[in-house]
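Trainee: Quick one: this structure, given as structure tokens, is what I'll be asking you about.
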Amino acid sequence: MEVIILKNATEVAERSARIVCDTVNKKPNTVLGLATGSTPVAMYKEMINANKEGKVSFKQMRTFNLDEYVGLDPSHHQSYRTFMNENLFNDIDIDIDNTQVPPGNLENPMEAGPYYEDLIAKAGGIDLQILGIGTNGHIGFNEPTSSLASRTRVKTLTETTVKDNSRFFKEGEFQPTLSITMGIKTILETKRVLLLATGKNKAKAIADAIEGPMAGRCPASALQMHEHTTFIIDEDAASQLEMKEYYKYVLGFQDNLIDKFGDSRGV
Ligand code: PGA
């Protein structure tokens, strides 16, 4: 795994947006996996700016979001579909028909998982997946003790996640407790992962994910089995990493090698 430790959230947004834009410039029909939450919003702003400045076009890009609440219509103001439209899709030149969010409003929510897995497979799989991380170590809505071999399915949110996300809801407003989320195996099958994290409240989850044992207790630790994962985090989120200095030291060598010989890992 690569661990890139940067000064602050702005640098995290700039660095991750640069990787996304470089990927799309190399492969215009990139299949990009997207995340909601506060963390990727600044990266989405960078992508919007790059698109407006003509540095990248997203016309052929296809996207798959990680998760959606069960019981909300896509047009609902709290749906993740609305979040994506407002924070990214409406402001870039993407074809909205090329964007997918798991269907949270099916009469039978159990059908959503196989349907979504099939869509991903038909698109040829995900080239680059953006992830945040929960304070409890979740990725997507794969809560602690999720099967490391799980696929897209209905998942019940933990009390921690409901509490963490309550900041987005007004007092008394209905807050869903069920979700449809890509599974951990679905995520492990993506070709490249960028996990973004900023702030001290993510420090323990980041330390467990990178340096802890691989365990369902910290779903993000499953990325230890992923072929090409890059953690892009700020100093605060890195503050509980025991090998922090080593990661910084490694990066200098690696950047030099990649500059000289290119990156043989594909995407
Ligand atoms: P956040 O959420 O970016 O809003 O902190 C991350 C997550 O829960 O995956």
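Here the numbering used here is used: the first residue of the sequence shown is 177, the next is one more, and so on.
Glycine included, C-beta positions come from ideal geometry on N, C-alpha and C.
Would you grab the beta carbon distance between ILE382 and ALA413 for me? Rounded to a whole angstrom, and I think it's under 8 Å.
Mentor: Working through the sequence shown from its first residue, we reach residue 382 at position 206. Working through the sequence shown from its first residue, we reach residue 413 at position 237. About 5 Å; that satisfies the 8 Å criterion.
Trainee: When the Cα of GLU365 is compared with those of LEU210, ASP303, LEU333, ALA379, which residue comes out closest?
Mentor: The residue labelled residue 365 in the question sits at position 189 within the sequence shown. If we check each option's Cα against that of GLU365, ASP303 comes out closest.
Trainee: Output the residue ranges of the alpha helix (DSSP H) runs that lie fully inside the stretch 272-347 and measure 4 residues or longer, sorted by chain position.
Mentor: Taking only runs of at least 4 residues, the alpha helix (DSSP H) segments lying wholly in the stretch 272-347 are 288-298, 335-341.
Trainee: Provide the residue span of the beta strand (DSSP E) that contains VAL179, from first to last.
Mentor: The residue you call residue 179 lines up with position 3 of the sequence shown. From DSSP, the beta strand (DSSP E) with VAL179 extends over 178-182.
Trainee: PHE407 lies in the beta strand (DSSP E); which residues open and close that run?
Mentor: Mapped onto the sequence shown, residue 407 falls at position 231. First-last of the beta strand (DSSP E) with PHE407: 405-410.
Trainee: Under the criterion of a Cβ to heavy atom distance below 6 Å, does THR336 qualify as lining the ligand PGA?
Mentor: For the purposes of this step, residue 336 is identified with residue 160 of the sequence shown, where counting begins at 1. Result no, Cβ not under 6 Å from the ligand PGA.
Trainee: Please say whether CYS197 and VAL232 have beta carbons closer to each other than 7 Å?
Mentor: On the sequence shown, position 56 is the one that residue 232 refers to. On the sequence shown, position 21 is the one that residue 197 refers to. Yes, the Cβ-Cβ distance between VAL232 and CYS197 is below 7 Å.
Trainee: Considering only their Cβ atoms, is the gap separating ILE306 from LEU370 smaller than 7 Å?
Mentor: On the sequence shown, position 194 is the one that residue 370 refers to. On the sequence shown, position 130 is the one that residue 306 refers to. A contact, by the Cβ cut-off of 7 Å.
Trainee: Short of 6 Å in beta carbon distance, which residues of its chain neighbour LEU282, apart from the five on each side in sequence? Order them along the chain.
Mentor: Start at 1 with the first residue of the sequence shown, and residue 282 comes out as number 106. The answer, listed in chain order, is ALA288.
Trainee: Quick check on the DSSP output: the alpha helix (DSSP H) that includes THR186 runs from which residue to which?
Mentor: Taking the first residue of the sequence shown as 1, we reach residue 186 at position 10. 185-202 is the extent of the alpha helix (DSSP H) around THR186.
Trainee: Take HIS402 and list the residues in its own chain whose beta-carbon comes closer than 7 Å to its own, dropping the five residues that flank it on each side.
Mentor: By 1-based counting over the sequence shown, the position of residue 402 is 226. The answer, listed in chain order, is LEU364, VAL369.
Trainee: Helix, strand or coil for ASP269 per DSSP?
Mentor: Along the sequence shown, one-based indexing puts residue 269 at 93. Reduced to three states, the DSSP call for ASP269 is coil.
Trainee: Does the beta-carbon distance from PHE234 to ILE270 come in below 7 Å?
Mentor: The sequence position of residue 234 within the sequence shown is 58, counting from 1. The sequence position of residue 270 within the sequence shown is 94, counting from 1. Result yes, Cβ atoms of PHE234 and ILE270 sit closer than 7 Å.
Trainee: Counting only the same chain and skipping the five closest in sequence on each side, list residues whose C-beta sits under 7 Å from that of LYS380.
Mentor: Here residue 380 refers to the residue found at position 204 of the sequence shown. Closer than 7 Å at the Cβ level, and outside the excluded window around LYS380, lie GLN416.
Trainee: If we count the other Cβ atoms within 10 Å of its Cβ and call it buried at 16 or more, is THR357 buried or exposed?
Mentor: The count along the sequence shown starts at 1 and reaches residue 357 at position 181. Buried, since its Cβ has 16 or more Cβ neighbours within 10 Å.
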